[in-house]
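In what follows, a single structure is set out as structure tokens and then discussed.
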Amino acid sequence: MQNRELVIIGGGPAGLSAAVEARRLGIEDVLVIDRESEPGGILKQCIHTGFGLHIFKEELTGPEYAERFIRKAEALGVEIMLDTMVIELTSDRRIVAVNGREGLVEIQAKAIILAMGCRERTRGAIKIPGFRPAGIFTAGTAQRFVNIEGYMPGCEIVILGSGDIGLIMARRLTLEGAKVRCVVEIMPYSNGLTRNIVQCLEDYSIPLLLKHTVVNIHGKKRVEGVTIAEVDDEMKPIMETAQFIPCDTLLLSVGLIPENELSRMAGIEIDDVTGGPVVNQRLETSVPGIFACGNVLHVHDLVDFVTQEAMEAARGVASYLADGGKKYDHIPVTAGEGLRYVLPQRINVEAMTGEKQNFFMRCARPMARARLYVESERGVIESRLLSHVKPSEMISIKLGRDELKGVKMLKFILQEEGDKIECND
Amino acid sequence: MVDVVIIGGGVVGCMIARELSRYQLKTVLLEKEDDVASGTSKANSAIVHAGYDPKPGTLKAKLNVRGNPLFDKICSELDVPFKRIGSLVVSLTEEEDRVLEELLERGKKNGVPGLKIINREELLKMEPNVNKKARAALYAPTAGIICPYELTIALAENACQNGVEIKLNSKVVGIKVVNNGELAVMTPTETIHTRYVINAAGLYADEISKMAGAEEYRITPRKGEYLLFDKRFGNIVNRIIFPTPSKISKGILVCPTVDGNFFIGPNSNDVTEKDDVAVTPEGIEEIIKGAQKLVPELPLNHVITSFAGLRAVSDTDDFIIGASKKVRGFINVGGIQSPGLSAAPAIAEMVLEILKEEGLSLKEKRDYNPERPRVYKFRQMNNEERRELIRKNPAYGRVICRCETVTEGEIIDAIRRPVGARSLDAVKRRTRAGMGRCQGGFCSPRVIEILSRELGISPLEITKCGCGSEILKGRTKEFIETGGVVDAK
Ligand SMILES: Cc1cc2nc3c(=O)[nH]c(=O)nc-3n(C[C@H](O)[C@H](O)[C@H](O)COP(=O)(O)OP(=O)(O)OC[C@H]3O[C@@H](n4cnc5c(N)ncnc54)[C@H](O)[C@@H]3O)c2cc1C
Ligand SMILES: Cc1cc2nc3c(=O)[nH]c(=O)nc-3n(C[C@H](O)[C@H](O)[C@H](O)COP(=O)(O)OP(=O)(O)OC[C@H]3O[C@@H](n4cnc5c(N)ncnc54)[C@H](O)[C@@H]3O)c2cc1C
């Protein structure tokens, strides 16, 4: 059994950023564990640009963004244990990990940061009927095949779901010589970033069919085509509109799910809406000394926010190690009308790690202009006007310690202002 | 010339193959797909039934009740998990109460041990998630669950270990009587001369029988669809939960699996094609509705996959097992619909008897080994055992499938064993890599890499389930030059 001060599970941008910040804050012993043979997480396969606009004011590729943190981590003496998968986590912060070199590695940590990222939703999760032939991939798997392994998953492709990975892959596969027939999205708006719709679909004349879904998959050995149909307002397919689209490949980009098997094993409370742990102002989960950040906490669309959040988790660990795990009471933070969730789900204002507290939230539907209200038991304490909010783009606001002093609850509400507009911008 | 050719590598064919491997015989098993357990034996309810359901006097009843107790020994010899968890037929109306009585009577006549009717309170205590409107249930303690493809593969491996030749990708396309006492079985690549042919071709048994000029019967496919749920909810029920049966099926059930998941299904609809295993939207709706009658609160957001299997329904409505009166040496084992899995060990015994009657002399081998070498399953081992195993072979320390915690060592073993895996699905059936909640999203590129390395072939040749189901279409870059048309070879 090894004794360590801080163990970070996952060496993606969240884990690496947290490690770097933890060292900067003076935490001596920082160990990052990742199951892959190189650190960087999902960024390794994201060879497109668009990373780091906020943090570095530069447009980096995924590997470049990761590289910066890997270098810093190494320079600061962070230990990175690769090819090692954590298979057990307990509520008293014991970890069992496995690799081929040492066999089983058992660690007792003073503090742990969860940074395991997320996984993609599959066909089963959305219950698409039809055969189960070769040629059905999640977009991320296809991305790995093309960008890391150097293989093409198909020639003629239909993409279901307009999440960012799907959009990026539409462009990538087109550039590699495949024909992307269309991107089919069940919602009346896209789930991807606006810039990705423009740069990945419109620039290549790939049609985006909103309010459509795949209702059947054809082909016994290999995909031979899919049937798509329009859906009504209840999202039920309108079979009169069904049409067959020949293709040899179906990519699914239908959402990401935070990877919380280990969190559950440790008895950490999970939020049904985010799919990640319930956390407080310092991103500490319901189990003292275990923190979470990045996609394991909630799904992010911008890596810059992942880094910011990870730094907050590192500050949280520093304050936890400093106060010796003192118990605090929390006030609840909830999402009201117009919002799907707000993070953190509870806070203690006195114990905030900085002068300002960051709140992350996602809206329930697209709105051209909307006002965000922050309510306490005394009424509205703050409001902000926002434009072009979309469920795919996270909203982040900061509130100061003064504003929050003495409140017993916080509720965030998003109300649309002015006329509704068409949302497929 | 060989002694026996078995056509079909389902649970029935493989059970017969293993039974024959005890004796000094030359036996060949021919399977048209690239792996055994590729037909009905891979997609069914995976239940070893107690035997109260089939009509007394039928082969189904007799062989089911005889087969059930044989599973403990077979599974322990083959290192295949089998759990005798018991089943409950739940009644929701007064009329259904009477059906329970009938089933109890039928069960007694069939010789099923331990059956009893329990009241609502007992039922809800045993199964808190069952519909509160339930009135009573028939409890059958001898019913069990098993993994049907794992069993089939284990049988094939053990048969192979004991000298049976298993030929995959070998579709039988013709059978001829060469002279009295000799048959010629043809596949596209060879002709095998044999004294006996056992027709265990599942859905295609009618066509094989006809091909040989033996008795004619008809097999129609009847589809059953399923939804499989995440392991997190595996304990929603502790036993197999049935509704009261209808004329044509045992109804839509809620059932745990040996691997800790649970499924709902199957429905029961006749289809025309013998390979129509497509899941339909109506089917999904039907099984959800059906299952909700038994367990109202289903975690429908945690379905990880859907699948369908086809029952081989014969026009006699019973198993068709017997030596042909028209073609000497040809033995039919057709129409093996449910409870065919449960009956399989008894079917194999019966086939042996028939072979004896038909003049085959069975001399026991001295070196027959009923045990299959242990299959290491990392996820089921304790940390001490894991440490020991990794020390011996570091490949068991590299986790490839993160959802099911399957290591590289297990995958390599699955490929190198007798009747080894040659495709992604074959690896999946042997190791569970790709069967978890991410359904191979994460591990399939790695499994392809391992298969290609172990088999010494290009990743482009790796298939999902045999020829025609290649997974990748070409190398990047080369792809543009050829306009996206790259031959997999
Ligand atoms: C395809 C795609 C395109 C994107 N495009 C952009 C973009 O253009 N611009 C942008 O700013 N953002 C983009 N993002 C978003 C952003 O990059 C991600 O949200 C971010 O990478 C999440 O970081 P993470 O560290 O939380 O997770 P990950 O990067 O997934 O890292 C998690 C790490 O944890 C490891 N791990 C998990 N479980 C264990 C365990 N049990 N034991 C050991 N290790 C474990 C994993 O192997 C992995 O290395 C994109 C994301 C994706 C998926
Ligand atoms: C929905 C459903 C639920 C069921 N539930 C249960 C249950 O809970 N309990 C139970 O006991 N039973 C159950 N059954 C029945 C059980 O699954 C079958 O009885 C059993 O799997 C039949 O095995 P088999 O070997 O006869 O057929 P198969 O598994 O279909 O094997 C036949 C094999 O022959 C091969 N073949 C066909 N033609 C040729 C050819 N020309 N040349 C070479 N090979 C050929 C096929 O590829 C196939 O692999 C269920 C069946 C279904 C469909």
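The listed protein sequences derive, respectively, from chains A and B.
Residue numbering for the first sequence follows my numbering, starting at 22 and increasing by one per position.
Residue numbering for the second sequence follows my numbering, starting at 4 and increasing by one per position.
Heads up, the beta-carbon is just placed ideally off N, CA and C, and yes, glycines get one too.
Classification of residue i by the beta-carbon crowding that lies within 10 angstroms, buried from 16 upward
| i | result |
| --- | --- |
| His233/A | buried |
| Leu301/B | buried |
| Lys226/B | buried |
| Met4/B | exposed |
| Asn182/B | exposed |
| Leu27/A | buried |
| Ile48/A | buried |
| Asp113/A | exposed |
| Arg456/B | exposed |
| Pro267/A | exposed |
| Ala424/B | buried |
Proximity test, residue i beta-carbon vs ligand 2 heavy atom, cut-off 7 Å
| i | result |
| --- | --- |
| Ser44/B | yes |
| Arg347/A | Reading the sequence as shown, one finds Lys at residue 347/A and not Arg. The answer is no for Lys347/A. |
| Asn264/B | no |
| Ala49/B | yes |
| Tyr207/B | yes |
| Ala1/B | This structure cannot settle anything about residue 1/B, because the visible part of chain B is limited to 4 through 492. |
| Arg314/B | yes |
| Glu2/B | This structure cannot speak to residue 2/B, because chain B is shown only from 4 to 492. |
| Pro342/B | yes |
| Leu66/B | no |
| Pro269/B | yes |
| Leu33/B | yes |
| Ile418/A | no |
| Gly16/B | yes |
| Gly11/B | yes |
Proximity winner among the options, relative to residue i (alpha-carbon distances)
| i | options | result |
| --- | --- | --- |
| Ser413/A | Thr262/A, Met388/A, Glu376/A and Leu342/A | Met388/A |
| Glu285/B | Arg140/A, Met106/A, Ala43/A and Ile149/A | Ile149/A |
| Asp321/B | Leu303/B, Ile251/B and Gly332/B | Ile251/B |
| Tyr399/B | Arg405/B, Glu391/B, Cys406/B and Thr410/B | Thr410/B |
| Asn281/A | Glu223/A, Leu271/A, Thr270/A and Asp293/A | Asp293/A |
| Gly421/A | Thr262/A, Pro228/A, Lys377/A and Phe265/A | Lys377/A |
| Lys234/B | Lys35/B, Val93/B and Leu303/B | Leu303/B |
| Ser305/B | Gly11/B, Lys128/B and Ile239/B | Correcting the residue identity first, residue 305/B is His in this sequence and not Ser. The shortest Cα separation from His305/B among Gly11/B, Lys128/B and Ile239/B belongs to Ile239/B. |
| Glu437/A | Leu407/A, Met430/A, Leu431/A and Glu424/A | Leu407/A |
| Ala294/B | Leu358/B, Tyr229/B, Pro342/B and Gly237/B | Tyr229/B |
| Tyr142/B | Ala208/B, Pro116/B and Ile148/B | Pro116/B |
| Val15/B | Leu28/B, Lys45/B, Tyr26/B and Gln27/B | Lys45/B |
| Glu153/B | Ser461/B, Arg478/B, Lys431/B and Leu475/B | Lys431/B |
As assigned by DSSP and simplified to three states, the class of residue i
| i | result |
| --- | --- |
| Lys226/B | strand |
| Phe381/B | helix |
| Asn445/A | Because Asn445/A sits at a pLDDT of 42, beneath the cut-off of 50, its placement in the model cannot be relied upon, and the following sentence gives the value as read from the coordinates. Coil, per DSSP. |
| Phe326/A | helix |
| Gly343/B | helix |
| Pro397/B | helix |
| Ile453/B | helix |
| Thr159/A | strand |
| Val488/B | The pLDDT assigned to Val488/B is 49, lower than 50, so where the model puts this residue is not dependable; a value taken from the coordinates is nonetheless given after this. Coil, per DSSP. |
| Cys150/B | coil |
| Gln164/B | helix |
| Leu475/B | coil |
| Tyr362/A | strand |
| Val107/A | strand |
| Thr13/A | The structure shown does not extend to residue 13/A, since chain A is modelled only from 22 through 446, so no value can be given for it. |
| Gly400/A | strand |
Any non-hydrogen atom of ligand 3 closer than 7 Å to residue i Cβ
| i | result |
| --- | --- |
| Lys119/B | Ligands displayed in this structure: ligand 1 and ligand 2; ligand 3 is not among them. |
Chain D contact for residue i (CB, 8 Å cutoff)
| i | result |
| --- | --- |
| Gln442/B | As a matter of chain content, chain D is missing from the structure shown, whose protein chains are A and B. |
So within the segment 186-264 of chain B, which uninterrupted beta strand (DSSP E) runs reach at least 3 residues, ignoring any that extend past its ends?
Complete beta strand (DSSP E) runs here, min 3: 194-202, 222-232, 243-245 and 256-259.
Any beta strand (DSSP E) of 3 or more consecutive residues that is wholly inside the segment 48-103 of chain B:
Annotation note: the segment 48-103 of chain B contains the following uninterrupted beta strand (DSSP E) runs of length 3 or greater, listed N- to C-terminal: 90-94.
Considering only residues of the segment 135-208 of chain A, which uninterrupted beta strand (DSSP E) runs meet the minimum length of 3 residues and lie entirely inside it, listed in chain order?
Taking only runs of at least 3 residues, the beta strand (DSSP E) segments lying wholly in the segment 135-208 of chain A are 139-141, 157-159, 177-181 and 200-206.
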